[in-house]
Amino acid sequence: MLLGLAAAAEDDLDSRPSHHDDEDEHDHDDFETFSLDFAAVPEPQALVARLEPVIAAHDILRIKGFVAVEGKTMRLVVQAVGGRVQHYYDRDWQPGEGHTSRLVVIGQQGLDQAAISAAITDRN
Numbered sequence: 156m157l158l159g160l161a162a163a164a165e166d167d168l169d170s171r172p173s174h175h176d177d178e179d180e181h182d183h184d185d186f187e188t189f190s191l192d193f194a195a196v197p198e199p200q201a202l203v204a205r206l207e208p209v210i211a212a213h214d215i216l217r218i219k220g221f222v223a224v225e226g227k228t229m230r231l232v233v234q235a236v237g238g239r240v241q242h243y244y245d246r247d248w249q250p251g252e253g254h255t256s257r258l259v260v261i262g263q264q265g266l267d268q269a270a271i272s273a274a275i276t277d278r279n
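For the sequence shown, the working numbering assigns the number 156 to the initial residue and increments by one for each residue that follows.
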């Protein structure tokens with residue numbers, strides 16, 4: 156794609172072949188996803204430290220979401236792919252947004268949702 160050249164490249168998208176054109180419809184049945192909602196955490200480093208062993212023990216492919224941190228006006232973004240976990244504050248919570256945490260967990264079919272949820276939300 157060329158930007159800024161007035162090429163109007165998007166005008167003929169329907170006539171261009173796609174790598175999806177030769178494939179039958181397919182599902183992603185081998186994957187499972189669930190959301191985990193929980194209260195604000197007192198210490199983000201403790202949460203990140205809990206994520207790493209949970210990811211390894213349960214063959215989790217990805218975790219993503221926002222976490223409320225006690226005493227902070229900004230939301231904490233959490234992104235994990237494989238064993239790599241990144242976290243950073245991105246913006247203030249907006250009016251009307253609940254200051255609650257939500258992480259989406261993606262893994263192979265058969266995730267032990269109860270064990271994963273308990274391990275992530277355990278504050279001990």
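Glycine included, each C-beta is placed from N, C-alpha and C at the ideal position. These figures come from a predicted structure and were not determined experimentally.
Alpha carbon of residue i to alpha carbon of residue j, nearest angstrom
{"i": "A204", "j": "R239", "result": "11 angstroms"}
{"i": "A114", "j": "D185", "result": "No information on residue 114 is available, as it lies outside the stretch 156 to 279 that the chain covers here."}
{"i": "E198", "j": "L216", "result": "24 angstroms"}
{"i": "R257", "j": "R278", "result": "16 angstroms"}
{"i": "M229", "j": "Q241", "result": "16 angstroms"}
{"i": "T255", "j": "A223", "result": "5 angstroms"}
{"i": "T276", "j": "Q263", "result": "21 angstroms"}
{"i": "Q249", "j": "I261", "result": "27 angstroms"}
{"i": "G251", "j": "Y244", "result": "19 angstroms"}
{"i": "V209", "j": "R246", "result": "27 angstroms"}
{"i": "F221", "j": "H213", "result": "21 angstroms"}
Start-to-end residues for the beta strand (DSSP E) that takes in residue i
{"i": "E187", "result": "186 to 193"}
{"i": "L216", "result": "215 to 222"}
Nearest-angstrom beta carbon gap, residue j and residue i [assumed within contact, 8 angstroms]
{"i": "K283", "j": "V233", "result": "Shown here, the chain extends from 156 to 279; a query on residue 283 therefore has no answer."}
{"i": "L266", "j": "E187", "result": "5 angstroms"}
{"i": "S190", "j": "V259", "result": "5 angstroms"}
Per DSSP, the bridge partner or partners of residue i
{"i": "V196", "result": "V224"}
Uninterrupted beta strand (DSSP E) stretches inside the stretch 205 to 268 (no shorter than 3 residues): 215 to 222, 229 to 236, 239 to 247, 256 to 263
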